[in-house]
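A.B. asks: Okay, here's the structure, questions in a sec.
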Amino acid sequence: METTILLDKWKTAPDVDEIMAHLRKQIEERHAGGRYGRDELRRETALWLSEVMGGPAPGESALHHYLDTIGEWRMQLHPNFSTHRGRIGRLFVWLKKRVLHPPLRWIVEIVEVNAWRQDRLNISLLNLLEEMALEIGRLRARLGRLERPKIDGPDKTSP
Amino acid sequence: MKIAFVIHRYGVELVGGSEFHCRRIAEELSARHQVEVLTTTASDYITWQDGYAPGLETVNGVKVRRFRTERKRDLARFKDISDLCYYDKRHTRADELEWVRLNGPESPELVRFIKDHQAEFDVFIFYSYRYYQTYFGLAEVPGKSILVPTAEEDPAVGLSIFSEFFALPAGILFLTPEEEDLVGRVTRMGLPPSEVIGFAVDVPPGLDPEGFKERRGLADPFILYIGRVDRNKGCDGLFRYFQEYLKWKARPVDLVLGGSAALPIPSHPRIKSLGFLSDREKFEALQACRLLVMPSPYESLCIVVLEAWKSGRCTLVNGLCKVLREQTRRSGGGLYYYSFAEFCETLDFLLDNPEIREALGRTGREYMEKNFEWVHVVGKIERLIARTIPTCWLP
Chain A
406 METTILLDKW
416 KTAPDVDEIM
426 AHLRKQIEER
436 HAGGRYGRDE
446 LRRETALWLS
456 EVMGGPAPGE
466 SALHHYLDTI
476 GEWRMQLHPN
486 FSTHRGRIGR
496 LFVWLKKRVL
506 HPPLRWIVEI
516 VEVNAWRQDR
526 LNISLLNLLE
536 EMALEIGRLR
546 ARLGRLERPK
556 IDGPDKTSP
Chain B
7 MKIAFVIHRY
17 GVELVGGSEF
27 HCRRIAEELS
37 ARHQVEVLTT
47 TASDYITWQD
57 GYAPGLETVN
67 GVKVRRFRTE
77 RKRDLARFKD
87 ISDLCYYDKR
97 HTRADELEWV
107 RLNGPESPEL
117 VRFIKDHQAE
127 FDVFIFYSYR
137 YYQTYFGLAE
147 VPGKSILVPT
157 AEEDPAVGLS
167 IFSEFFALPA
177 GILFLTPEEE
187 DLVGRVTRMG
197 LPPSEVIGFA
207 VDVPPGLDPE
217 GFKERRGLAD
227 PFILYIGRVD
237 RNKGCDGLFR
247 YFQEYLKWKA
257 RPVDLVLGGS
267 AALPIPSHPR
277 IKSLGFLSDR
287 EKFEALQACR
297 LLVMPSPYES
307 LCIVVLEAWK
317 SGRCTLVNGL
327 CKVLREQTRR
337 SGGGLYYYSF
347 AEFCETLDFL
357 LDNPEIREAL
367 GRTGREYMEK
377 NFEWVHVVGK
387 IERLIARTIP
397 TCWLP
């Protein structure tokens, strides 16, 4: 939908998800179009990194921002068991709850600390990856500028 | 019905979220039931320094019984035990119990009172799972207790003692569905019956936002932060983002802070700190601002965000806090950001589009009116008590 139509619509019926999607698209386009200047890029990545390095860990990782599916990644420590099979199903539920669930939960608890550490590491790595991606984008643009005269042939004014 | 509220601090001067929530709920319930608050003499939320006298007093029509705290919080020892319990897998259950004691406010006298006088009350409503009086007090009266955990996504909620503790009370009152989900994830056993109650907001009548701006020397436009100016509230990040935003966009907009400062405030002509605001001034500030910004990464319920929506103001919140983000999406009352780029983009969008900004504020107010009036909140509490504590009689 055209931006002006959306803006008109949101004046009477604002939709948070739609607005956020629209704004994120604008940011992506700006990144892709290289419309962030060198200073802006540095500023943004420095702020990203300072968020990761200092201060308390945020309630949710930055992964969410990129993947939007972190909820599905979380280990379910308290799953709901249900059945549609009547009496025999209740036996299965009982077995799952009382026999299978306790040792599985024990294993999950053992790996939980490492999962948390991994989460922190993921946040840091994502930030570093973003910085590298931006740097690569800048270098490509620079390379493109340098290579253009070669493709177009020698500059007519050069000796 | 005779209801006892048990909380770490209590008083009209206290601005903490759970303390304010408890006080307002106690005041509302006192219109229909006999209410007594059991609390400590502490007033400082960091050191538990005494600020009140022990004994009985009446606060806004509610009977308050205060008990002495044994000691102030030993911050160095508490930090050490927190590091051990949060990050060292080899810590023991005894270490976690020591964590609760050191977290305080340690008042065995209050716990003894609950044990000795339990027959005098029909129900005990305990606030904040992490404090001494809740952990040890609730264990004395699990069958007639309702827990208001006020749990946030921080490492404390993952301590193993709490996974059993959350299954103890007769019922739980959650502030948001996200908190319910969080507590459900950490508990070892099934959760007791629960309700999500949120909070109701009363906007004082006869506000004068223009007069407030004039008195405080504020110029349009400004964005507002209300609350403790603290690193844990994400204020350091907000200062960095806002200053960089100004450098980048060179936009004439001020950031106005309303709240006591526990963090150095940058000396910047466009950052203005008003210090603590009275209730009336807070609502005047909300009506005078363009929007409320809430950078906190940890919240179980952010009352000032609800107050902004009730005032018809839109909000811009930290998306990394699941509670704030999902509350915002549910209410439709504002936007959220995960990064500096999103902070700039969302802030620009809201400042550039006054009609959409106002529509978001309006949607937030409608959401509050539909879901969070006192009749809803009190009704849910009474229903949960009636469902979970069979001896309770409801008028």
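The listed protein sequences derive, respectively, from chains A and B.
Per this note's numbering, the first sequence starts with residue 406, numbered consecutively.
Per this note's numbering, the second sequence starts with residue 7, numbered consecutively.
Glycine included, every Cβ here is placed at the ideal spot set by N, Cα and C.
1. So G190 (chain B) is in the alpha helix (DSSP H); what residue range does that whole segment cover?
2. Using alpha carbons as the reference points, say which of B:H123, B:A125, B:L90 and B:K95 lies closest to L108 (chain B).
3. Would you call the CB atoms of F180 (chain B) and L428 (chain A) closer than 7 Å?
4. Skipping 5 residues on each side, what residues in its chain have a beta carbon closer than 6 Å to that of L62 (chain B)?
5. Can you grab the Cα-Cα spacing for the pair L244 (chain B) / P301 (chain B), in whole Å?
6. Answer yes or no: do I362 (chain B) and K430 (chain A) have a C-beta to C-beta separation smaller than 7 Å?
7. According to the neighbour-count rule (16 or more other Cβ atoms, all chains shown, within 10 Å of its Cβ), is G281 (chain B) buried or exposed?
8. Which same chain residues end up closer than 8 Å to T488 (chain A) when comparing Cβ atoms and leaving out the 5 residues on each side of it in sequence?
9. Please compile the residues from chain B whose C-beta is within a distance smaller than 8 Å of the C-beta of T417 (chain A).
10. What residues from the region 351 to 363 of chain B come within 8 Å of chain A, judged by C-beta to C-beta, listed N to C?
11. Between which two residues does the beta strand (DSSP E) containing Y231 (chain B) stretch?
12. Please name the residue, chosen from B:S266, B:N324 and B:Y231, that lies closest to E348 (chain B) on a Cα-to-Cα basis.
13. So, helix, strand or coil for V207 (chain B), using DSSP?
14. Looking at the ligand SAH, does it come within less than 6 Å of M7 (chain B), judged from the CB to the closest heavy atom?
15. Using 7 Å as the limit for Cβ to Cβ distance, is K255 (chain B) near chain A?
16. Since I131 (chain B) and I9 (chain B) should fall inside the 8 Å C-beta cutoff, what is the C-beta to C-beta distance between them, to a whole number of angstroms?
17. Run through the DSSP bridge pairs and tell me what S200 (chain B) is partnered with.
18. So is G459 (chain A) buried or exposed if we call it buried at 16+ other beta carbons inside 10 Å?
19. Pull the bridge partners of M300 (chain B) from the DSSP assignment, please.
20. Does the Cβ-Cβ distance between E184 (chain B) and K328 (chain B) come in under 7 Å?
21. Give the secondary structure of F282 (chain B) by DSSP, where H, G and I count as helix, E and B as strand, and everything else as coil.
22. Going by Cα to Cα distance, which pick from B:Y135, B:V129, B:C28 and B:E146 is closest to D122 (chain B)?
23. Short of 7 Å in beta carbon distance, which residues of its chain neighbour T474 (chain A), apart from the five on each side in sequence? Order them along the chain.
24. Closest by CA to Y51 (chain B), which one among B:V209, B:K69, B:A37 and B:G17?
C.D. replies: For this structure:
1. Its alpha helix (DSSP H) spans residues P183 to V192.
2. For L108 (chain B), the closest alpha carbon among the candidates B:H123, B:A125, B:L90 and B:K95 is that of B:L90.
3. Inclusion of F180 (chain B) and L428 (chain A) in the CB contact set at 7 Å is not warranted, their separation being larger than that value.
4. Excluding sequence neighbours, L62 (chain B) sits near R71.
5. Distance from the CA of L244 (chain B) to the CA of P301 (chain B), rounded to the nearest whole angstrom, comes to 6 Å.
6. No, they are not a contact pair.
7. Looking at its Cβ environment, which holds fewer than 16 other Cβ atoms inside 10 Å, G281 (chain B) is exposed.
8. Around T488 (chain A), the same chain offers G494, R495, F497 and V498 as residues with beta carbons nearer than 8 Å, after the five sequence neighbours per side are excluded.
9. Per Cβ cutoff of 8 Å: A365.
10. Hits within the stretch, in order: E351, T352, F355, N359, E361 and I362.
11. In the DSSP assignment, Y231 (chain B) falls within the beta strand (DSSP E) that extends over F228 to I232.
12. Out of B:S266, B:N324 and B:Y231, B:N324 has the C-alpha closest to the C-alpha of E348 (chain B).
13. Coil at V207 (chain B), not helix or strand.
14. No copy of the ligand SAH occurs in the structure displayed, which carries no ligand at all.
15. K255 (chain B) does not count as touching chain A.
16. Sure, about 6 Å apart at Cβ, within 8 Å.
17. DSSP links S200 (chain B) through a beta bridge to B:I178.
18. Note that G459 (chain A) scores 45 on pLDDT, short of 50, meaning its location in the model is unreliable; the coordinates nonetheless yield the value given after this. By the neighbour-count rule (16 or more Cβ atoms within 10 Å), G459 (chain A) is not buried but exposed.
19. BP columns for M300 (chain B) point to B:V323.
20. Yes, these two residues count as a Cβ contact at 7 Å.
21. DSSP places F282 (chain B) in coil when its eight states are reduced to three.
22. The shortest Cα separation from D122 (chain B) among B:Y135, B:V129, B:C28 and B:E146 belongs to B:E146.
23. Model confidence at T474 (chain A) stands at a pLDDT of 34, short of 50, so the residue's coordinates are unreliable and nothing is read from them.
24. Of the candidates B:V209, B:K69, B:A37 and B:G17, the one whose C-alpha sits nearest the C-alpha of Y51 (chain B) is B:G17.
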